[in-house]
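Take the sequence shown: its letter number 135 is residue 135 in my numbering, and every next letter is one higher.
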Amino acid sequence: MTNDTTAQSAVKVRLYGLPNSAEAYEIRDFLNRSVVEFDWIELTNDQDCNRELGFSALSDLRLPMVEFPDGTQLFSPSIREIAQRLGWVTQPKFREYDLSIYGAGPAGLSAAVYAASEGLRTVLIERHAVGGQAGTSSLIENYMGFPKGIRGADLAERARQQAVKFGIELVLLREGIKAEFKDNRIKYLEENR
Ligand SMILES: Cc1cc2nc3c(=O)[nH]c(=O)nc-3n(C[C@H](O)[C@H](O)[C@H](O)COP(=O)(O)OP(=O)(O)OC[C@H]3O[C@@H](n4cnc5c(N)ncnc54)[C@H](O)[C@@H]3O)c2cc1C
1 MTNDTTAQSA VKVRLYGLPN SAEAYEIRDF LNRSVVEFDW IELTNDQDCN
51 RELGFSALSD LRLPMVEFPD GTQLFSPSIR EIAQRLGWVT QPKFREYDLS
101 IYGAGPAGLS AAVYAASEGL RTVLIERHAV GGQAGTSSLI ENYMGFPKGI
151 RGADLAERAR QQAVKFGIEL VLLREGIKAE FKDNRIKYLE ENR
């Protein structure tokens, strides 16, 4: 995922981890949903570890490890650290928006496309990954315009590109926790995830 409207990710990362690792699963899920191309390399023993990474023992490593195309390696990173490294963790640019949308599932993405295409200054805030539940679907067959079906993450990525093309601002890994109407304004409170 990039923050422009170009085709899907040019980023190719490598993820190393133990089979059945819950942490590695969470990272794979986030990368899949975000349409980031990556290789998943399972390390099962010291030989794998030595061959793939040059470390003599698995116990020398804090897994999972994510390696970026420029060679940077993050050991046992959080989702936020990975997103940060990919340049996706940003602050909202403005203090005020015409429309703030919380949740970048299909509903939020649709709202963002329509709002921004009508010229509203729109921010879309997502606490996890773009696509919501739909991002985990291997094949969505009942969405109009895709007679052969489409992978949920690909549908979400197309919607994200369309929304960004219309000028929305996408802010990831922030969660809306409170809103109040005051002085003819809606004020929102968020926290970083
Ligand atoms: C595996 C799977 C397969 C599916 N297949 C199909 C299918 O083939 N056809 C079909 O019609 N439907 C399918 N669905 C259902 C479909 O995905 C959902 O109906 C749809 O995603 C709902 O969209 P939504 O935007 O309303 O909510 P969600 O997809 O739930 O998105 C909500 C988003 O809001 C974010 N969020 C929530 N609270 C906050 C907050 N406070 N601050 C910031 N962000 C927040 C969440 O992280 C999430 O990304 C499937 C669902 C799953 C799980």
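Glycine included, C-beta positions come from ideal geometry on N, C-alpha and C.
Near ligand 1: residue i beta-carbon under 8 Å from a heavy atom
i      : result
VAL130 : yes
ILE186 : no
SER34  : no
GLY145 : no
TYR260 : Because the chain in this structure spans residues 1 to 193, residue 260 falls outside the shown range and cannot be described.
ILE125 : yes
SER137 : yes
GLN162 : no
LYS180 : The amino acid occupying residue 180 in the given sequence is Glu; Lys does not appear at that position. No - ligand 1 has no heavy atom lying nearer than 8 Å to the Cβ of GLU180.
ASN142 : yes
Cα-Cα separation, residue i to residue j
i      : j      : result
ASN50  : PHE38  : 21 Å
ARG95  : ALA24  : 36 Å
GLU126 : ARG160 : 12 Å
PHE166 : TRP40  : 34 Å
LEU15  : LYS182 : 47 Å
ASN184 : ALA115 : 20 Å
SER137 : LEU58  : 34 Å
ILE168 : ASP46  : 47 Å
VAL164 : GLY119 : 12 Å
GLY145 : TYR97  : 31 Å
ASN142 : GLY149 : 7 Å
Contacting residues, own chain, Cβ-Cβ under 8 Å from residue i (five flanking each side not counted)
i      : result
THR44  : LEU18, PRO19
GLU191 : ARG174, GLU175, ILE177
Sequence-distant residues of its chain with Cβ nearer than 6 Å to residue i (five each side left out)
i     : result
ARG80 : LEU173
Residues near residue i in its chain [Cβ-Cβ closer than 7 Å; skip 5 each side]
i     : result
LYS12 : GLU37, PHE38, PRO69
PRO64 : LEU15, TYR16, GLY17, SER21, GLU23, ALA24, ILE27, SER76
Contact between the stretch 130 to 138 and the stretch 150 to 164 is defined here as three or more beta-carbon pairs at a separation below 8 Å; is this criterion met? yes
For the stretch 56 to 93, which segments carrying the alpha helix (DSSP H) assignment without a break, of at least 4 residues, lie completely within its bounds, in sequence order? 79 to 85
Three or more C-beta pairs below 8 Å linking the stretch 117 to 126 and the stretch 100 to 107: Touching, yes.
Residue ranges of each alpha helix (DSSP H) within the stretch 119 to 175, 4 or longer: 152 to 165
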